[in-house]
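Read the structure below first, then the notes.
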Amino acid sequence: MLDVYFNHLAATGKSDNTIKTYRRQLTNFFTWLESNSECNDPKSLTSIDAVEYRRYLQETKKLKPASVNTALATIEAFCIWMQKEGYTNHNPLADVKRVEQVQEAPKWLSKNEKYRVIRTALNEKNKRNVAIILTLLMTGLRAEELINLQPEDVLISERKGSLIVRSGKGNKRRVVPIPNDLRKCLGEYLVTENATGKWLFRSQRADQLTYDGLYNLCVTIGKKANVEALTPHILRHTYGHDLVVSGVRIDIVAKLMGHSKIDTTLIYTQPGEEELQNAVEKISFT
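Structure (structure tokens):
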């Protein structure tokens with residue numbers, strides 16, 4: 001039944017990475033279910049199973065509330081599909097409460113950390129890696145959006161440039177303008193790397209850069225730059241935060257980030273550790 005569901009996701013336009021995430025989440029759940037419950041049939045799931053799995057993720061796996069809720073949402077999406085297809089007559093997760101989440105400001109890089117990351121990437125003398133890091137920092141693309149870029153999506157002229165994001169979140173297309181430094185970087189990359197294949201950023205072992213390859217690249221650069229747990233999403237958050245502190249209107253930031261709701265963008269208006277420290281340093285007793 002799971003394979004039928006995954007085929008349904010593909011037919012409705014879900015990306016390969018999204019399907020991969022759903023597959024991993026559901027496989028983890030049903031593996032746990034086989035070992036901890038008498039239920040071995042997806043059609044026989046109960047709310048008690050879901051509650052016990054929630055407790056397992058929280059207390060045994062020590063997952064953060066957001067990760068627990070993501071797992072529950074994935075399972076519920078599958079249950080809703082089963083109900084619509086007539087496999088069951090109810091959604092067992094309908095009344096299962098999610099874990100309460102405390103709204104925190106996302107992590108972004110300080111100015112010093114950002115410069116260290118850029119300097120480290122430049123010292124690598126790998127034009128692809130430099131182009132990837134600068135693209136994430138200067139466009140705020142999501143990981144999936146970056147790895148799906150094609151050479152023809154890079155539009156560069158003397159005075160302006162942009163990236164065409166063909167399938168952003170929700171399969172929405174958008175155009176992201178790029179600053180001069182990134183135009184130069186991508187222009188050189190396109191010429192020297194002879195990027196004539198289907199994908200703008202290729203891996204060493206495959207035609208298209210994978211999410212895991214991108215994630216590992218960021219972690220490696222982060223370690224060399226002495227930046228803890230650097231990820232593509234932290235680079236995206238840094239872009240959003242930089243726009244806000246530079247005085248860019250919030251509706252423009254939302255447009256550039258590909259947010260459908262401005263409420264999502266407002267997280268970048270929350271002060272980070274650096275802003276809070278700078279604020280208290282202004283206090284003087286002399």
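Under full-length UniProt numbering, the sequence shown is numbered contiguously, ending at residue 286. Yeah, the Cβ is synthetic: ideal placement off N, Cα and C, and Gly gets one too. Only a predicted model underlies this, so the values are computations on that prediction, with no experimental measurement involved.
* Asked: For residue 173, does the three-state DSSP call read helix, strand or coil?
  -> Coil.
* Asked: What does a CB cutoff of less than 8 angstroms around residue 70 pick up in its chain, not counting 5 residues either side in sequence?
  -> Excluding sequence neighbours, residue 70 sits near 25.
* To do: Evaluate residue 66 with the Cβ neighbour count: other Cβ atoms within 10 Å of its Cβ, from every protein chain shown; 16 or more gives buried, anything less gives exposed.
  => Residue 66 should be labelled exposed.
* Length of the line joining the Cα atoms of residue 151 and residue 283 -> Looking at the two C-alpha atoms, the distance is approximately 51 angstroms.
* Taking contact to mean at least 3 C-beta pairs separated by less than 8 angstroms, is the stretch 132-141 in contact with the stretch 107-122? -> The way I'd put it, the stretch 132-141 does touch the stretch 107-122; three or more beta-carbon pairs between them come closer than 8 angstroms.
* Asked: Buried or exposed: which applies to residue 113, given that a residue is buried once 16 or more other Cβ atoms fall within 10 Å of its Cβ?
  -> Burial call: buried.
* With 16 other CB atoms within 10 Å as the buried threshold, where does residue 216 fall? -> Residue 216 is exposed by the Cβ-count criterion.
* Local conformation of residue 110 per DSSP, three classes -> Secondary structure at residue 110: coil, using DSSP grouped into helix, strand and coil.
* Asked: Considering residue 161, what are the terminal residues of the alpha helix (DSSP H) in which it resides?
  -> The continuous stretches of alpha helix (DSSP H) do not include residue 161, which lies in the beta strand (DSSP E) extending over residues 161-165.
* **Closest residue to residue 180 among 174, 3, 163 and 143 (Cα-Cα distance)** => Relative to the Cα of residue 180, the nearest Cα in the group 174, 3, 163 and 143 belongs to 163.
* **Contacts around residue 234, its chain only, beta-carbon distance under 6 angstroms, and the 5 residues preceding and following it disregarded** => Cβ contact annotation for residue 234 (same chain, cutoff 6 angstroms, sequence separation greater than five): 107, in chain order.
* Asked: Just checking my contact of residue 33 with residue 79 at CB under 8 angstroms: how many whole Å lie between their CB atoms?
  -> That pair is no contact at about 13 angstroms.
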